[in-house]
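Since the structure comes first, as structure tokens, the remarks are kept for the end.
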Amino acid sequence: MSVEVLLENVFTDIGEGPHWDEATHTLYFVDNIAQRVFSWNYKTKEVQKIQLDKYVGFIIPRAKNGHVIGYGNTISALDWDTKNVSLITEVDTNVATNVNDAKCDARGRLWFGTLGVEISADGKGSLFCLYTDGTVKKQMEKIAISNGLTWTCDNKRMYYIDSIPGKVYGMDYDIETGTFSKTFNNTKVIIDFKAIGTLGFPDGMTIDTEDKLWIACFNGGKIVRFDPDTGKQLKSIDFPAKRISSCCFGGPNYDELFVTCGRMAAPEEELKEFPLSGSLFRVTGLGVKGLKASVYQG
């Protein structure tokens, strides 16, 4: 197993939302508070970036061309060539929030969450689903920092992270309707980071073909592979940075793990100890593969 620096110090605030686009062999990602979106071409190694003017939570390709982004408290469309941003839908109109992490399920529905502009544990955020017909429905509320999302290979289980309480939730999922069982809503905690006590906060998340979770440990300096059925830690990868924020599988064979991190608010002593804070990393030789990421079909 090897950890390498792909792009050194590319993030000035918090790198997030890596998404591997199979069609173009391109990795997309964001620097959320710095309000930038990036692309990195696997074949040419070319890096492109677009400077925007609002918090950017994620970027995901759209089936009808272009991309969808979390943009302030909106889901918006981004035309990469023209850099034009256009509104799709706005949420949380009565509370000051930003759209954060997001993923699409296997039918192309966009699941996304929000966090308060002023982050607190009292839960100003929510979890939403943007269906392919343009309908938006709130699925959970009183979320502190809405983060990682993923589904099992058979689409029968959905996993979700609320970072400040340090909880990873599991729920039964109905791929036909795009809903999860309310029985598990806020009750089925499969991993409790506060109980573990040594990994910081759970942030972004992905899943492999064996249905094992890979979770970014913000302030923990690691990516940890978990068994969601037992909560057992199966593998731990250390990085030369503390604020590990998210990860995704990619590359031509989906056997490479791309990892983002941040440097915002890091004290001077931390940056001296971890000068690669804010870099984009790649891990190879893992012995497992990931799944193709879905795009928004709306």
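Using the working numbering, the first residue of the sequence shown is number 235, and each one after it goes up by one.
Even for Gly, the Cβ is constructed at its ideal location relative to N, Cα and C.
It should be emphasised that the depicted structure is a prediction, and the values quoted were computed from it without experimental measurement.
- L505 sits close to S511, with the two beta carbons spaced by under 8 Å.
- The beta carbon of Y289 is closer than 7 Å to those of N266, I267, Q269, G306, N332 in its chain, skipping five residues each way along the sequence.
- The straight-line gap separating the alpha-carbon atoms of D367 and W274 is approximately 31 Å.
- Under the three-state reduction of DSSP, I430 is assigned to helix.
- Rounded to the nearest angstrom, the Cβ distance from I377 to G347 is 6 Å, consistent with a contact under 8 Å.
- F427 places its beta carbon 8 Å or farther from that of G404.
- Counting only runs that start and end inside the segment 477-520, the beta strand (DSSP E) elements of at least 3 residues fall at 478-484, 490-495, 514-518.
- In the three-state DSSP reduction, S354 falls in the coil class, being neither helix nor strand.
- Ranking L525, E444, L433 by CA distance to the CA of A450 puts L433 first.
- One Cα belongs to T518, the other to T327, and the distance between them is close to 43 Å.
- A distance below 7 Å between beta-carbons, with the five flanking residues on each side excluded, links G359 to the following residues of its chain, in chain order: T331, G347, T348, L349, G350, I377, A378, I379, S380.
- Under the three-state reduction of DSSP, C451 is assigned to strand.
- The beta carbon of H259 sits closer than 8 Å to the beta carbons of N275, Y276, K277, P486 from its chain, once the five residues preceding and following it are set aside; these are given in chain order.
- Here Y276 carries a coil assignment [DSSP, helix/strand/coil].
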